[in-house]
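So in the UniProt record's numbering the end of the sequence shown lands on 253, straight run, no missing numbers.
All C-beta atoms, glycine included, are put in the ideal place defined by N, C-alpha and C.
These numbers come from a predicted model, not from an experiment.
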Amino acid sequence: MRSTLRIAILMCDELVGNPKKEHGSIGNFYRKFLETGAQKLEESGLHKKPNIKYFFYDVVIKQEYPNIREIDAVFMTGSRHDSFTSGSNNWILKLVDFTKSLLHEQSRVRIMAVCFGHQIVGRAYGETAERNPLGWEVSVTPITLSETGKRVFGCDSLALHQMHRDVVRRYPASVEKLGHSDRCEVQGIYVTNRVMTLQGHPEYDATIACELLERRRGSVLDEATYRDGMDRVHHPHDGVLVGAAFLWFLIKD
């Protein structure tokens, strides 16, 4: 591992409401998530907390991207946007193309992503992202891990916050499956030393999830989905453990 780990955070949205007041930018929000994971990694005794340098790129408005020779990894954030939208949202097509270039033309830079970013990776592999016919998946949700998932996360199952109604339809043939949930077959994509993604939101806590549930209540979330989500929003979840796993994915050979 380099003495300094260089991570480019590809900001696929912007924060609003209380999260924006607390963190400022979505880049800072994800930096805090990764830093918490790095601390957990050290506390677990698995590895000394790595020295990380973060770079932030607005891929929506400015459509800016890193020089891949100057980074070690990219992290694609979540977003309120639909990952399968094209047409006027040319920034999404540009993001898919950039991801394809990392997958097919560059073997050193590692890719991490959650939710929207996870779906972009699925598209880059040639799979379809679409509306889930089973509807929204929200709040703390159990994930059944595959054998690869159990090895990657060091546990038999995960519980993670979810906030999505779009899914990758099937696992790409060239990747390892991380797991599935009752409403989403493709919960995580893994390629050794190359790619690690999750459909869920390990960076969320109950406060953020509650605010999103309240904001979307009565508009995109029906009352039954809202109440079901609120019933589970304070359940224990494994977000910090996943943050540590992301960092371990970058550090290990």
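Span of the beta strand (DSSP E) holding residue i?
i: Gln162; result: 157-164
i: Arg123; result: It is not in any beta strand (DSSP E) - Arg123 instead sits in the alpha helix (DSSP H) that spans 116-124.
i: Arg6; result: 5-11
Going by Cα to Cα distance, which pick from the options is closest to residue i?
i: Val96; options: Glu70, Glu127, Ile71; result: Glu127
i: Asp156; options: Asp238, Lys20, Lys32; result: Asp238
i: Ile26; options: Ala8, Gln39, Glu43; result: Ala8
i: Arg194; options: Lys94, Leu102, Leu213; result: Leu102
i: Cys210; options: Ser219, Met230, Val220, His201; result: Met230
i: Leu93; options: Lys48, Arg69, Ala129; result: Ala129
i: Met163; options: Val175, Thr144, Gly243, Asp82; result: Asp82
i: Glu64; options: Glu14, Leu10, Met76, Phe84; result: Leu10
i: Arg165; options: Gly78, Tyr30, Gly243; result: Gly78
i: Ile68; options: Arg80, Lys100, Asn89; result: Lys100
i: Met196; options: Pro236, Ile120, Arg131; result: Ile120
i: Ala206; options: Arg215, Arg216, Leu221, Pro236; result: Pro236
i: Arg216; options: His234, Gly17, Phe116; result: Gly17
i: Arg183; options: Lys49, Gly24, Arg131, Gly218; result: Arg131
i: Ser160; options: Lys252, Gly179, Asn90; result: For the sequence presented, residue 160 should be read as Leu rather than Ser. Among Lys252, Gly179, Asn90, the Cα nearest to that of Leu160 is on Gly179.
i: Ala124; options: Glu147, Gly45, Tyr171; result: Tyr171
i: Glu214; options: Gly200, Val233, His201, Gln199; result: Val233
i: Lys53; options: Tyr30, Leu46, Gly45; result: Tyr30
i: Leu198; options: Val59, Leu145, Asp58; result: Leu145
i: Ser174; options: Ser181, Leu212, Gly122; result: Gly122
i: Ile143; options: Glu105, Asn90, Pro202, Phe116; result: Pro202
i: Tyr204; options: Leu250, Leu15, Arg6, Ser3; result: Leu15
i: Gly117; options: Phe84, Leu5, Pro50; result: Phe84
i: Trp248; options: Ile208, Val220, Tyr57, Asn51; result: Asn51
i: Asn90; options: Cys12, Ser219, Cys115; result: Cys12
Would you say residue i faces chain C, with C-beta separation under 9 Å as the test?
i: Tyr171; result: Among the chains of the structure shown, chain C does not appear; only one protein chain is present.
State the beta-bridge partners of residue i as determined by DSSP.
i: Thr141; result: Leu160
i: Leu134; result: DSSP lists no partner for Leu134.
i: Tyr190; result: Glu176, Met196
i: Ile111; result: Val74, Val195
i: Ala129; result: Val168
i: His201; result: His161
i: Arg217; result: Leu221
Residue i lies in the alpha helix (DSSP H); which residues open and close that run?
i: Gly239; result: 239-251
i: Tyr226; result: 223-232
i: Pro19; result: 17-23
i: Arg183; result: Unbroken run through Arg183: none, as it is neither H nor E.
i: Gly149; result: 147-153
Is residue i a contact residue of the ligand ADP, with contact defined as CB to any heavy atom under 8 Å?
i: Val59; result: Although the ligand ADP was asked about, the structure shown includes no ligands whatsoever.
Only counting runs of 3 or more residues, tell me where the beta strand (DSSP E) segments fall wholly within the segment 41-98, in order along the chain. 52-58, 73-76
Quick check: the segment 127-146 against the segment 103-112, are at least 3 beta-carbon pairs closer than 8 Å? no
Does the segment 212-229 come within contact of the segment 185-195, defined as at least 3 CB pairs closer than 8 Å? no
Inter-stretch contact at 8 Å, needing at least 3 Cβ pairs: the segment 35-45 / the segment 63-82: no
So, does the segment 18-35 touch the segment 242-249, judging by three or more C-beta pairs under 8 Å? yes
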